[in-house]
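Chemist:
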Amino acid sequence: MTPRHATATLLVLATACTPAPDQPAPGADESAQPAAIDKAKLHGVWQIMTVTNLETGEVDSIANDRTIWTHYTDSHWTYVWMDAGREGSTPAEFATLAPEAQHAENRAKMLDDEGEWRFWGSGGEWWLDGDMMGYTNVVSIEPYQVQMGGVEKVVYVNDTAYAYHTVPADGEAVQEYTHRRLDTMGELAVTRQGDIDPADLRGNWQITSTRNLATGEVDEVWQHRTAWFHVTDTHWTYVWMKKGRPVVTPGELGRMAPEQRVTTRYAQIWDDRNEPVFWASGGTYSIVDSMFVVGPRVLSIEPHWIGVEGEEPITRLDREAYVYRSPPRADGAVIETTHRRID
């Protein structure tokens, strides 16, 4: 599989997925088909539903066991997934645990018994050349993938469905990934509210700084963290990574004993104080009275956040900048976060 979709997939025997009515069947000769992919139709948030091995016909109905979102705006993508059944305590509960218990809980929600991921987050840039999609990684749960890239063949995309084929190395089978659209890209349900035009939120934003409104303290986030906030009309994904995380290649990881592999991957998510050095989450939202209203979170590296809602007052939104204020923290402090547009 490609670096963007490096997942451990269990295949179950099933019938091959049904293509869109105006597209060739999986495995058919596509060379005669015109390369007419409408890039704008890819904009939005998609859920991966099935993965089909086109050599054997085996189908993994992956959506039954894993929630996977791929998010495209004009030049950027984010990709977040999580396995079903992950559990975690609230921050207050977590704080009462001994360090060993904190470590064990973090490990269980991120890694299985073999040290393989139960959660993933990444993002980067993408482009189309005919029906071939190229991409690079800019942020990833796996530091070695940063600046790596790949290519996929888009088979079809329409208003509700999208599929691509992997471009494998010699001797590997082509895999077909099918998606369903989750958002309503291009169909805003609200209109301009004073100085706030919800259409201006579409795109990918990089967090540049935060400011504590009580103390005036400013954190120049961009200097030590790559943090992206990716938004369509109804959905968002949020991915960040601390700069300077150690790079471990798959070859190096493969030579490690299982326990060492777990320890190495743990360090890609948390530091020695169990503080995060990587984060990913996603959900829905709406704009109400110049307020960014977070709908129930659907994906989160921290399971306790799933289903949680919230409100964030927008203080500036235009084509260049997006600024909001957080709800008061436990100590009463309000944090103002500033973003710059990157697509």
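Residue numbers for the sequence shown follow this note's numbering, so the first one is 714 and each next one is one higher. Don't be surprised by glycine CBs; every beta carbon is placed ideally from N, CA and C.
Go ahead and label Val1021 buried or exposed: buried means 16 or more other beta carbons lie within 10 angstroms of its beta carbon, across all protein chains shown.
Modeler: Counting from one through the sequence shown, the residue named residue 1021 turns up at place 308. Exposed is the call here.
Chemist: Just mark Thr765 as buried or exposed, buried being the case when its beta carbon has 16 or more other beta carbons within 10 Å.
Modeler: Translated into the one-based positions of the sequence shown, residue 765 becomes position 52. Under this definition Thr765 is a buried residue.
Chemist: Rank Ile1048, Ser774 and Ile1027 by C-alpha distance to the C-alpha of Tyr890 and give the top, closest one.
Modeler: In the sequence shown, counting from the first residue as 1, residue 890 sits at position 177. Nearest C-alpha to Tyr890: Ser774.
Chemist: Apart from the five residues on each side of it in sequence, which residues of its chain come closer than 6 Å, Cβ to Cβ, to Thr803?
Modeler: Counting from 1 along the sequence shown, the entry for residue 803 is found at position 90. The answer, listed in chain order, is His1017.
Chemist: Could you tell me the distance, in whole angstroms, from the CA atom of Phe832 to the CA atom of Val793?
Modeler: Looking up residue 832 in the sequence shown gives position 119. Looking up residue 793 in the sequence shown gives position 80. Going by the C-alpha atoms only, they are around 8 Å apart.
Chemist: By DSSP, does Ile1048 sit in helix, in strand, or in coil?
Modeler: Translated into positions along the sequence shown, residue 1048 becomes position 335. Ile1048: strand per DSSP, three-state reduction.
Chemist: Give me the Cα-Cα distance between Asp984 and Tyr877, rounded to the nearest whole angstrom.
Modeler: Translated into the one-based positions of the sequence shown, residue 984 becomes position 271. Translated into the one-based positions of the sequence shown, residue 877 becomes position 164. Approximately 37 Å, taken between the alpha carbons.
Chemist: If you follow the alpha helix (DSSP H) that Asn819 is in, where does it begin and where does it stop?
Modeler: Looking up residue 819 in the sequence shown gives position 106. Its alpha helix (DSSP H) spans residues Pro812 to Met823.
Chemist: Excluding the five sequence neighbours on either side, which residues of its own chain have a C-beta within less than 6 Å of the C-beta of His784, listed in chain order?
Modeler: Along the sequence shown, read from residue 1 onward, the residue named residue 784 stands at position 71. Excluding residues within five positions, the ones whose Cβ falls inside 6 Å are Val758, Thr791, His943 and Thr950.
Chemist: Take Thr923 and list the residues in its own chain whose beta-carbon comes closer than 8 Å to its own, dropping the five residues that flank it on each side.
Modeler: For the purposes of this step, residue 923 is taken as residue 210 along the sequence shown, with counting starting at 1. Cβ neighbours of Thr923 beyond the five flanking positions: Val931, Asp932, Val934, Ile1048, Glu1049, Thr1050 and Thr1051.
Chemist: Report the rounded CA-to-CA distance for Gly836 versus Tyr869, giving the unit in angstroms.
Modeler: The residue you call residue 836 lines up with position 123 of the sequence shown. The residue you call residue 869 lines up with position 156 of the sequence shown. Approximately 22 Å between the Cα atoms of the pair.
Chemist: Can you give the Cα-Cα distance for Trp992 and Thr928, rounded to whole angstroms?
Modeler: The residue given as residue 992 occupies position 279 in the sequence shown. The residue given as residue 928 occupies position 215 in the sequence shown. About 26 Å.
Chemist: Tell me whether the region 856 to 876 and the region 1019 to 1039 touch, counting them as touching only if at least three CB pairs, one residue from each stretch, are closer than 8 Å.
Modeler: At 8 Å Cβ cutoff, the stretches do not touch.
Chemist: State buried or exposed for Gly964, treating a residue as buried only when at least 16 other CB atoms are found within 10 Å of its CB.
Modeler: Here residue 964 corresponds to residue number 251 of the sequence shown, with the count starting at 1. Looking at its Cβ environment, which holds fewer than 16 other Cβ atoms inside 10 Å, Gly964 is exposed.
Chemist: Please determine, among Lys822, Leu1030, Trp839 and Gly996, the residue with the shortest C-alpha to C-alpha distance to Gly863.
Modeler: Your numbering for residue 863 matches position 150 in the sequence shown. Minimum Cα distance to Gly863 is reached at Trp839.
Chemist: Quick check on this structure: which residue in Asp844, Asp778, Gly798 and His789 has the alpha carbon closest to the alpha carbon of Ile750?
Modeler: Looking up residue 750 in the sequence shown gives position 37. If we check each option's Cα against that of Ile750, Asp844 comes out closest.
Chemist: Alpha carbon to alpha carbon, what distance is there between Ala814 and Tyr979?
Modeler: For the purposes of this step, residue 979 is identified with residue 266 of the sequence shown, where counting begins at 1. For the purposes of this step, residue 814 is identified with residue 101 of the sequence shown, where counting begins at 1. When rounded, the distance between both Cα atoms is 14 Å.
Chemist: Where does Glu855 fall in DSSP's three states?
Modeler: If you number the sequence shown from 1, residue 855 lands on position 142. If DSSP states are grouped into helix, strand and coil, Glu855 belongs with coil.
Chemist: Between the Cα of Ile1027 and the Cα atoms of Ala817, Asp896 and Ser1003, which residue gives the shortest distance?
Modeler: Within the sequence shown, residue 1027 is the residue found at index 314, counting from 1. Ile1027 has its Cα closest to that of Ser1003, out of Ala817, Asp896 and Ser1003.
Chemist: Helix, strand or coil, according to DSSP, for Asn777 in the structure here?
Modeler: As a first step, residue 777 must be located in the sequence shown, where it is residue number 64. Here Asn777 sits in helix by DSSP.
Chemist: Out of curiosity, what's the CA-to-CA distance linking Asn915 and Thr897?
Modeler: As a working mapping, residue 915 is identified with position 202 in the sequence shown. As a working mapping, residue 897 is identified with position 184 in the sequence shown. It should be noted that the sequence gives Arg, not Asn, for residue 915. Cα-Cα distance, rounded: 12 Å.
Chemist: Trp941 and Asn917 - do their beta-carbons sit closer together than 8 Å?
Modeler: Position 204 of the sequence shown, counting from 1, holds the residue named residue 917. Position 228 of the sequence shown, counting from 1, holds the residue named residue 941. Yes, Cβ-Cβ distance for Asn917 and Trp941 is below 8 Å.
Chemist: Classify Pro1009 as helix, strand or coil using the three-state DSSP reduction.
Modeler: Counted from its first residue, the sequence shown places residue 1009 at position 296. Pro1009 falls in the strand class under three-state DSSP.
Chemist: Taking 7 Å as the cut-off, does the CB of Lys754 come closer than this to any heavy atom belonging to the ligand FAD?
Modeler: The model on display carries no ligand, and the ligand FAD is accordingly not part of it.
Chemist: Arg1054 by DSSP, collapsed to three states: which one?
Modeler: Within the sequence shown, numbered from 1, the residue matching residue 1054 stands at position 341. Strand.
Chemist: Please go through the region 949 to 1018 and give each complete alpha helix (DSSP H) segment of 4 or more residues, from N-terminal end onward.
Modeler: For the region 949 to 1018, whole alpha helix (DSSP H) runs of length 4 or above, ordered along the chain, are 963 to 967 and 971 to 979.
Chemist: Grab me the residues of Gly996's own chain with a C-beta within less than 6 Å of its C-beta, minus the 5 sequence neighbours each way, in chain order.
Modeler: Reading the sequence shown from its first residue, position 283 is the one you call residue 996. Cβ within range, chain order: Gly1008, Arg1010 and Val1011.
Chemist: Run through DSSP, which three-state label would Val867 get?
Modeler: Along the sequence shown, one-based indexing puts residue 867 at 154. The answer is strand: DSSP assigns Val867 an E or B state.
Chemist: Glu1025 and Tyr1035 - do their beta-carbons sit closer together than 8 Å?
Modeler: Mapped onto the sequence shown, residue 1035 falls at position 322. Mapped onto the sequence shown, residue 1025 falls at position 312. No, these two residues do not count as a Cβ contact at 8 Å.
Chemist: From Asn987 to Arg974, what distance separates their C-alpha atoms?
Modeler: Numbered from its first residue, the sequence shown carries residue 987 at position 274. Numbered from its first residue, the sequence shown carries residue 974 at position 261. Distance between the alpha carbons of Asn987 and Arg974: 17 Å.
Chemist: Find out if the Cβ-Cβ distance for the pair Thr945, Val961 is shorter than 8 Å.
Modeler: As a first step, residue 945 must be located in the sequence shown, where it is residue number 232. As a first step, residue 961 must be located in the sequence shown, where it is residue number 248. No.
Chemist: Restricting to Cα atoms, I'd like to know which of Glu972, Thr769, Leu755 and Asn819 is closest to Glu885.
Modeler: The residue given as residue 885 occupies position 172 in the sequence shown. The shortest Cα separation from Glu885 among Glu972, Thr769, Leu755 and Asn819 belongs to Thr769.
Chemist: Can you tell me which of Arg1029, Val1006, Arg1054 and Leu1030 puts its alpha carbon nearest to the alpha carbon of Pro1040?
Modeler: By 1-based counting over the sequence shown, the position of residue 1040 is 327. Looking at the Cα atoms, Val1006 is the closest of the given residues.
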